[in-house]
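Some notes on the structure that comes next.
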Amino acid sequence: MIPNPTMPEVNIPAVIQHIPLQSYLILATLLFVIGIIGVLTRRNAIIIFMSIELMLNAANLLLIAFSSYRSDPSAQVFVFFIMAVAAAEVAVGLAIIVMIYRNTRNTDIGFLNKLKW
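Numbered according to numbering that gives the first Met the number 0, the sequence shown spans residues 0 to 116.
Structure (structure tokens):
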């Protein structure tokens, strides 16, 4: 490899060197596509909620992979904050879903459309 004077030397950790970056890209893409399919095809609010979380985790996986390959911890800090916001989102989202289920005894999205004004 020809050294590039404009780019600093990147020190990739030994654990990460064994798995190529393309594997992380493929895995994250697969997780994101599964999440999209879950959101578009399922009618249950809990399954849709889990699919959205799966897509969020796919994005986090890419941020961590790129951060590790560039030896830059700033993306890992960003992922930490994303996970904290996602935890709050899960708490609020599940509380809303539980209240909807208590009132309607159903979490089907088609049924919830009837609750519109």
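For each residue, glycine too, the CB sits at the ideal point set by N, CA and C. Values in this document were obtained by computation on a predicted structure and should not be read as measured data.
Using a Cβ-Cβ cutoff of less than 8 Å, which residues in the same chain neighbour residue i once the five nearest sequence positions on both sides are dropped?
i: valine 32; result: none
i: methionine 54; result: Leu30, Phe31, Gly34, Ile35, Val38
By the 10 Å Cβ neighbour count, where 16 or more other Cβ atoms means buried, how is residue i classified, buried or exposed?
i: isoleucine 47; result: buried
i: leucine 39; result: exposed
i: alanine 90; result: exposed
i: serine 22; result: exposed
What are the residues that DSSP puts in a beta bridge with residue i?
i: aspartate 107; result: Asn43
Could you have a look at residue i and say whether DSSP puts it in helix, strand or coil?
i: isoleucine 35; result: helix
i: isoleucine 18; result: coil
i: serine 70; result: coil
i: methionine 0; result: Legend: pLDDT at methionine 0 = 49, less than 50; position of this residue unreliable, value from coordinates given subsequently. Of the three classes helix, strand and coil, the one that applies to methionine 0 here is coil, per DSSP.
Closer than 7 Å by C-beta to residue i: which residues in its own chain qualify, once you throw out the five before and the five after it? Chain order, please.
i: methionine 0; result: Residue placement at methionine 0 is flagged as unreliable, the pLDDT there being 49, under the threshold of 50; the coordinate-derived value follows with that caveat. Here the set comprises nothing.
i: phenylalanine 77; result: Leu62
i: alanine 120; result: The displayed coordinates of the chain run from 0 to 116. Any statement about residue 120 would go beyond what the structure contains.
Are the beta-carbon atoms belonging to residue i and residue j less than 8 Å from one another?
i: alanine 74; j: leucine 60; result: no
i: alanine 87; j: glutamate 52; result: no
i: threonine 106; j: alanine 44; result: yes
i: arginine 42; j: glycine 109; result: yes
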